[in-house]
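Just so we're aligned, residue 29 is where the sequence shown starts under this note's numbering, counting upward by one.
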Amino acid sequence: MRRRPLLVLGALGLVAAGLVLRFATRSDLWFDEALSVNIAKLPLGDIVDQLRHDGHPPLYYFLLHFWIEAFGDGDVAVRALSGVLSVATLPLVWFAGRRIAGRAGAWSALLIVGLSPYAFRYATEARMYALVMLFVAAGYLALRNALETPTFGWLAFVAGITAGLVLTQYWDLYLVAIVGAGLLYRACRAPEASDRQAARRVFAAVAIGALAFAAWLPVFLDQIGSTGTPWGDPQFPWVVVPRALIAFAGSEYDGEAYMLAFLLLLLPLLALFGRAIDRRRIELDLRTRPAVRWEAATAFGVLVVGAAISYVTDTTFAPRYAATIFPVVALVVALGIMVFSDLRLRTAVLALIALLGLAGGARNVTYERTQAGRAAEVIAEESAPGDVVAYCSDQLGPDVSRLIRDVEGLEQITFPDAARPDFVNWSEYLERARAADPAAFAQDAITRAGDHTVWFVWSPGLNHLEVPCAKIGETLDAARSTEIRVFPDADVLEVRALTEYRAE
């Protein structure tokens, strides 16, 4: 019995470390973050107009708008919103874990999420994914309580969480659809009349909450007609599941992530099919265990349905979209740990997950997400008023321009539209890029610069833009003396190379 207080103290120490890691990263804001901040800084009405050309729902941007008004737009400040949201998710995960597996399940779920490399990443990123995870954890609790006690309060909570989800990230629509389908099944097939009635009430609450999307529907229709994901290619649905699994464990480039991914695959299978016979033996039941059947089906269903729709609609998948199911997956993993009846083995498995997660969290602190800082440092130190900064493409603009916004006298233009670098217009993006003349863009930069320097920010391998960006470089090479000041670094998430073109 003396071991239990020590285990609790150890768990609390690990959770404390996880809290710190939710606010710790050295990297500059990368493209997605910088663009999100630029959008959020606009007046509220202008945010909606800008999102027509961006491809996201508005709720996170509205929250970030008010957060910036209160705390400023520095890197630490804008990321802190996600950190706070991630911390707020932890007690919800604890209560969710307690619902499915008692106090032991609560601590397991808390440590899995509290020390998750995936949670660390999006707690330190000025994007909407920490908010998504908060809503999903809260929604799980609300849904379970409403099914047991369908009072007005719990039903209103379900409706509110649903509204928040559909206005935060579009993959949440798949989650709402899958949950709705499950509720309809329960409303028709549950053995008890009271369970069928509760399911009907909860389904009505989900439907009412989803109606909040109607206010956003005109913008959404504009987006799906013109934006998409031109920065990435469609992926086969069977690729999506392993990509999500690796992302939950960290990065595909880190060895410990594969060890953690193995556990994140094995433990849900044990949760779904396994039952302990004694301390050394586990029996497999192919009919699956009811305690986690719906959670596992929901998580897998969201990934498969979302991946299939993305493939059919010629859009891509990014592992961050799986934030929609991560809290549910964590609960299934926690129940998988509970399959081990030996406390020592259970503790050892949980400790291994925690240590591997901490390793991923430490990497997140030092991982450089963008070379924007390297390029911006050279421009800030060596540029002169009248110099031109040209970007190919405009996807490179927000994070670099953010770091040189106090440098006076620079003119900044982006390919393909020669627009300012603060925003990216994703509407008909590839069509506009293909119609633009890269040689004319390069000549325009030379004309604007006159006797001054052209600083060319570029990146190899930009999706569908390799040829025009190379053509811009060739045109500048032919007209001016050349020196590469920042070379591409393949170890960085977002490459930002910099070439200096001086007038001869």
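In this text, a Cβ means the ideal position worked out from N, Cα and C, and glycines have one as well.
Cutoff 6 Å; reference residue i; Cβ partners in own chain excluding five residues on either side
i      : result
Thr117 : Met161, Leu162 and Ala165
Arg476 : Val416 and Glu439
Val357 : Ala327
Val141 : Val121, Ala147 and Ala358
Ile236 : Ala187
Gly388 : Pro145 and Gly278
Phe368 : Arg374
Thr257 : Thr343 and Thr344
Arg307 : Ser369 and Asp370
Tyr168 : Ala124
Gly46  : Gly142 and Leu143
Thr533 : Because the chain in this structure spans residues 29 to 532, residue 533 falls outside the shown range and cannot be described.
Leu430 : In the sequence as displayed, the identity of residue 430 is Arg instead of Leu. Excluding positions up to five away in sequence, the list reads Ala62.
Gln197 : Met156 and Val160
Cβ shell of residue i (< 7 Å), same chain only, five flanking positions each side left out
i      : result
Ala408 : Ile432 and Val435
Asp274 : Going by the sequence as given, residue 274 is Ile instead of Asp. Once the five neighbours on either side are set aside, the close Cβ partners of Ile274 are Glu280, Ala285 and Ala289.
Leu34  : none
Thr510 : Thr527 and Tyr529
Gln251 : Arg80 and Gly83
Ala319 : Ile128 and Leu363
Ala240 : Ala191, Val194 and Leu195
Asp101 : Val65 and Lys69
Phe354 : Tyr146, Met161 and Phe276
Ala170 : Trp182, Phe185, Val186 and Ile189
Leu384 : Glu284, Met287 and Leu288
Beta-ladder partner(s) of residue i, from DSSP
i      : result
Thr257 : Its beta-bridge partners do not exist; DSSP assigns none.
Phe484 : Ala418 and Thr527
Thr398 : Glu522
Coil, strand or helix - residue i by DSSP
i      : result
Ser509 : strand
Glu522 : strand
Tyr150 : helix
Leu493 : coil
Val514 : strand
Thr475 : helix
Leu312 : strand
Ala52  : coil
Ala304 : strand
Ile500 : helix
Gln423 : helix
Leu57  : coil
Glu280 : coil
Pro145 : helix
Ser411 : coil
Met29  : Summary for Met29: the model assigns pLDDT 47, below 50, so the residue's position carries little reliability; its value from the coordinates is reported in the next sentence. In the structure shown, Met29 sits in coil (DSSP, three-state: anything other than H, G, I, E or B).
Glu405 : helix
Pro296 : helix
Trp266 : helix
Leu40  : helix
Close Cβ partners of residue i (< 8 Å) along its chain, the five nearest in sequence each way excluded
i      : result
Arg229 : Ala174, Pro178 and Leu183
Asp5   : Since the first residue shown for the chain is 29 and the last is 532, residue 5 is missing from the structure and cannot be characterised.
Gly125 : Gly133, Ala134, Trp135, Ser136, Ala137, Leu138, Leu359 and Ala362
Ala463 : Pro444
Ile75  : Ile67, Ala68, Pro86, Tyr89, Phe90 and His93
Ala6   : One cannot answer for residue 6 here, as it falls past the ends of the chain, which runs 29 to 532.
Gln263 : Arg271, Ala335, Ser338, Tyr339, Thr344 and Phe345
Glu494 : Pro488
Met29  : A caution first: Met29 carries a pLDDT of 47, below 50, which makes its placement in the model unreliable, though a value can still be read off. Answer for Met29: no residue qualifies.
Beta carbon proximity, residue i to chain C, threshold 8 Å
i      : result
Phe443 : As a matter of chain content, chain C is missing from the structure shown, which is built from one protein chain.
I'd like the ranges of any alpha helix (DSSP H) spanning at least 4 consecutive residues and lying wholly in the stretch 67-138.
72-79 and 87-99
Segments assigned alpha helix (DSSP H), at least 4 residues, entirely inside the stretch 149-228
157-176, 180-194 and 200-217
In the stretch 427-464, which residue ranges form an unbroken beta strand (DSSP E) of at least 3 residues, counting only runs that do not cross its ends?
439-442
Suppose only complete runs of 3+ residues qualify. What are the beta strand (DSSP E) ranges in the stretch 307-390, listed by chain order?
310-312
Are the stretch 106-114 and the stretch 53-66 touching, with three or more C-beta to C-beta distances below 8 Å?
yes
Can you confirm whether the stretch 142-154 touches the stretch 382-394 when touching is taken to mean that 3 or more C-beta pairs between the two stretches lie within less than 8 Å?
yes
Meets three-Cβ-pair contact criterion under 8 Å: the stretch 481-491 and the stretch 410-426:
yes
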